[in-house]
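So the structure is just underneath, and the comments pick up after that.
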Amino acid sequence: MSETTADTTAAPQAGAAPGQQTPARRGAAHDSAFLRACRHEPVPHTPVWFMRQAGRSLPEYLKVREGIPMLESCMRPELVKEITLQPVRRHKVDAAIFFSDIVVPLKAIGIDVDIKPGIGPVIADPIRTAEDLQRLRPLEPDDVPYITEAVGLLVDELGSTPLIGFAGAPYTLASYLVEGGPSKNHENTKAMMYGQPELWAALVDRLADITAAFLKVQIEAGASAVQLFDSWVGSLAPDDYRRSVMPASTKVFDAVAGYGVPRIHFGVGTGELLGLMGQAGADIVGVDWRVPLNVAAERVGPGKGLQGNLDPAVLFAPTKAVETKAREVLHAAQALGTSGHIFNLGHGVLPSMDPDALSRLVEFVHEVSAR
Ligand code: CP3
Numbered sequence: 005m006s007e008t009t010a011d012t013t014a015a016p017q018a019g020a021a022p023g024q025q026t027p028a029r030r031g032a033a034h035d036s037a038f039l040r041a042c043r044h045e046p047v048p049h050t051p052v053w054f055m056r057q058a059g060r061s062l063p064e065y066l067k068v069r070e071g072i073p074m075l076e077s078c079m080r081p082e083l084v085k086e087i088t089l090q091p092v093r094r095h096k097v098d099a100a101i102f103f104s105d106i107v108v109p110l111k112a113i114g115i116d117v118d119i120k121p122g123i124g125p126v127i128a129d130p131i132r133t134a135e136d137l138q139r140l141r142p143l144e145p146d147d148v149p150y151i152t153e154a155v156g157l158l159v160d161e162l163g164s165t166p167l168i169g170f171a172g173a174p175y176t177l178a179s180y181l182v183e184g185g186p187s188k189n190h191e192n193t194k195a196m197m198y199g200q201p202e203l204w205a206a207l208v209d210r211l212a213d214i215t216a217a218f219l220k221v222q223i224e225a226g227a228s229a230v231q232l233f234d235s236w237v238g239s240l241a242p243d244d245y246r247r248s249v250m251p252a253s254t255k256v257f258d259a260v261a262g263y264g265v266p267r268i269h270f271g272v273g274t275g276e277l278l279g280l281m282g283q284a285g286a287d288i289v290g291v292d293w294r295v296p297l298n299v300a301a302e303r304v305g306p307g308k309g310l311q312g313n314l315d316p317a318v319l320f321a322p323t324k325a326v327e328t329k330a331r332e333v334l335h336a337a338q339a340l341g342t343s344g345h346i347f348n349l350g351h352g353v354l355p356s357m358d359p360d361a362l363s364r365l366v367e368f369v370h371e372v373s374a375r
């Protein structure tokens, strides 16, 4: 993290058209390795951050979260700021990811959702009919004042370290809403997608609007980049993705295109979908560990960056093995040329990971990629 400059506290440029304004506070991170890599510009080293870098792997997280339910913690700006900063302080990662959850915007519009420890999001009344859909009203910035406040606090504190905002993508959110909770086979979700295509299209379209509004709040408050998590979309075949999901994801990316902030798109098990996920409107495609980055580069095509993709489980092996596998990732990323790669895990940090192993990995990636 770097010092806060006078610039970082300045107000957004007055009079700038919506979608065009660049808050001066976001400008402080403009030349960071992370944002330079997003723009395919030369970097001093490959930037690195970790999905779920904030959370249960960190003792300092467990301490501040004690007795506070997950979703309540997302609504306390000072706590969100502290939790978001913890991994930046500890690991010296090149970007912070906003501490929140993909179901926060659903909670904010009145959906009865809770995050149960060890399970994940649980929806009291699943969305299964046209009538249920009425409960998915649009999200207004006033529904999430705590997000605006927390992003503002963070951007001021982070200075030249970029803040990544995020949201859940329509398919993944729909899966939680239709199933009522986490699901292995997404059977109710797919039953609606195949059996009631009009209802399905209306559902993911509403979710696209909610997601776009949630991302806009974060960008307008100063987030430097956004990541759209479609964690469970790898359960679909390409034709079904193209027909039933891609229009909604494209709507989200189009809605935030005018801000000019990099848009990252990530899912798990998406080897067959990487090209389409890029076409949906991502500037950077996140890749899990199943597809080497040189192969992913071919599938995604020229002009897009890649993020990933060390198998998270590698972190449980001895340091030497972690370094060997990290080198393989960096080597495969050379297919992109000299920039455009953001080092990450192929999915999130696991709660049982040794935080010191993550800190060592950041240092190692910085050292061996220095140029
Ligand atoms: O550091 C970060 O990456 C930022 C914070 C973040 C959280 N959730 C905090 C969180 C992010 C980016 C998310 C996104 C999210 N939430 C996704 C997409 C990313 C992915 O992993 O694919 C999904 C699918 C969810 C839904 C969700 N929320 C799950 C499956 C869980 C885990 C439940 C459990 O206890 O195992 C959550 C809860 C959650 N979200 C935690 C954190 C830190 C753990 C809750 C706790 O600490 O009590």
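Everything in the sequence shown is counted per our numbering, starting at 5 for the first residue and increasing by one.
C-beta: ideal position from N, C-alpha, C; glycine also.
Check: M74 C-beta below 6 Å from any heavy atom of the ligand CP3: Within the cutoff, so yes.
Three-state secondary structure assigned by DSSP to L62: Reduced to three states, the DSSP call for L62 is coil.
Figure out for me which residue from G31, E135 and F38 has the closest Cα to the Cα of H370. Of G31, E135 and F38, the residue nearest in Cα terms is F38.
Tell me whether the region 141-149 and the region 205-217 touch, counting them as touching only if at least three CB pairs, one residue from each stretch, are closer than 8 Å. Yes, the region 141-149 touches the region 205-217.
Apart from the five residues just before and just after S253, which ones in its own chain have a Cβ nearer than 8 Å to its Cβ? Closer than 8 Å at Cβ, skipping near neighbours: A173, P174, Y175, A212, L232, D234, H269, M281, A284 and G285.
From this set, E70, S228, L278 and T88, which residue's C-alpha is nearest M250's C-alpha? Closest by alpha carbon: L278.
Report the three-state DSSP secondary structure of V148 (helix, strand or coil). Under the three-state reduction of DSSP output, V148 falls in the coil class, being neither helix nor strand.
DSSP on R141, reduced to helix/strand/coil? The answer is coil: DSSP assigns R141 none of H, G, I, E or B.
For S304, I'd like the list of residues in its chain whose CB is within less than 7 Å of its CB, leaving aside the five on either flank, ordered along the chain. Sequence inspection shows Val at residue 304; the Ser mentioned does not correspond to that position. By the criterion of a C-beta distance shorter than 7 Å, V304 is surrounded in its chain by L278, G279, G282, V289 and L310, once the five residues flanking it on both sides are discounted.
I'd like the list of long-range same chain contacts for P296, defined as Cβ closer than 7 Å, with 5 residues on each side in sequence excluded. If you ignore the 5 residues before and after P296, its C-beta comes within less than 7 Å of the C-beta of A336, all in its own chain and listed in chain order.
In the structure shown, what three-state DSSP assignment does V120 receive? In the sequence on display, residue 120 carries Lys and not Val. K120: strand per DSSP, three-state reduction.
Would you call the region 83-91 in contact with the region 111-127, where contact means no fewer than 3 C-beta pairs closer than 8 Å? Output reads no: the region 111-127 does not touch the region 83-91.
Would the C-beta of G124 count as close to the ligand CP3, meaning under 6 Å from any of its heavy atoms? Annotation for G124 indicates a beta carbon within 6 Å of some heavy atom of the ligand CP3.
Anyone know if the C-beta pair for H95 and L362 falls short of 7 Å? The answer is yes: Cβ separation under 7 Å.
When the Cα of F320 is compared with those of A300, M357, G352 and D287, which residue comes out closest? When the alpha-carbon of F320 is set against those of A300, M357, G352 and D287, the nearest one is in M357.
Comparing C-alpha positions only, which one of A339, E135 and L158 sits nearest to I101? When each option's Cα is compared against that of I101, the closest is L158.
Limits of the beta strand (DSSP E) - the one that G163 falls within: Careful: G163 lies outside any beta strand (DSSP E) and carries neither H nor E.
Can you name, in chain order, every residue of its own chain whose Cβ lies under 8 Å from the Cβ of A41, other than the five neighbours on each side? Excluding residues up to 5 positions away in sequence, V47, T50, P51, G309, S343, G344, H345 and I346 lie with their Cβ nearer than 8 Å to the Cβ of A41 in the same chain.
On the DSSP letters alone, give me the boundaries of the beta strand (DSSP E) that F170 sits inside. In the DSSP assignment, F170 falls within the beta strand (DSSP E) that extends over L167 to G172.
Buried or exposed: P73, going by 16 or more other Cβ atoms within 10 Å of its Cβ? Exposed: under 16 other Cβ atoms inside 10 Å.
I need the boundaries of the alpha helix (DSSP H) containing F103, first residue and last residue. If you look at F103, you'll find it isn't in any alpha helix (DSSP H); DSSP assigns it neither H nor E.
Could you tell me if the beta carbon of I119 falls within a distance shorter than 6 Å of some heavy atom in the ligand CP3? Yes, the beta carbon of I119 sits closer than 6 Å to at least one heavy atom of the ligand CP3.
To the nearest angstrom, report how far apart R43 and A134 are at their CA atoms. Distance between the alpha carbons of R43 and A134: 42 Å.
Give the straight-line distance between the Cα atoms of A259 and R246, rounded to the nearest whole angstrom. Spanning the two alpha carbons is a distance of roughly 19 Å.
Taking C-alpha atoms, which residue in Q338, V237, P63 and G341 lies nearest to V272? Nearest C-alpha to V272: V237.
I want to check one thing, is the minimum distance from the CB of A233 to the heavy atoms of the ligand CP3 below 6 Å? In the sequence as displayed, the identity of residue 233 is Phe instead of Ala. At least one heavy atom of the ligand CP3 lies less than 6 Å from the C-beta of F233.
Verify the contact flag: F347, CB atom, against every heavy atom of the ligand CP3, threshold strictly below 6 Å. Exclusion of F347 from the 6 Å shell around the ligand CP3 follows from its C-beta lying no nearer than that to any non-hydrogen atom of the ligand.
Of the choices I168, C78 and T274, whose alpha-carbon is the least far from that of A350? Checking the sequence, you will find Gly at residue 350 rather than Ala. Closest by alpha carbon: T274.
Helix, strand or coil: which one does DSSP assign to L310? DSSP places L310 in strand when its eight states are reduced to three.
When we look at the beta-carbon of D147 and count the other beta-carbons within 10 Å, is it buried (16 or more) or exposed? When all chains shown are included, D147 counts as buried.
S164 and S36 look like a contact to me (Cβ under 8 Å); what is the Cβ gap, rounded to whole Å? Confirmed, Cβ separation roughly 6 Å.
Is it right to say D287 is buried, meaning 16 or more other beta carbons lie within 10 angstroms of its own, or is it exposed? With a threshold of 16 other beta carbon atoms within 10 Å, D287 meets it and is buried.
Measuring only the C-alpha atoms, how far is P355 from V182? C-alpha separation (whole angstroms): 27 Å.
Is it right to say E302 is buried, meaning 16 or more other beta carbons lie within 10 angstroms of its own, or is it exposed? Exposure of E302 is indicated by the presence of fewer than 16 other C-beta atoms within 10 angstroms of its C-beta.
Extent of the continuous beta strand (DSSP E) run through F270: Counting along the chain, F270 sits inside the beta strand (DSSP E) bounded by residues R267 to F270.
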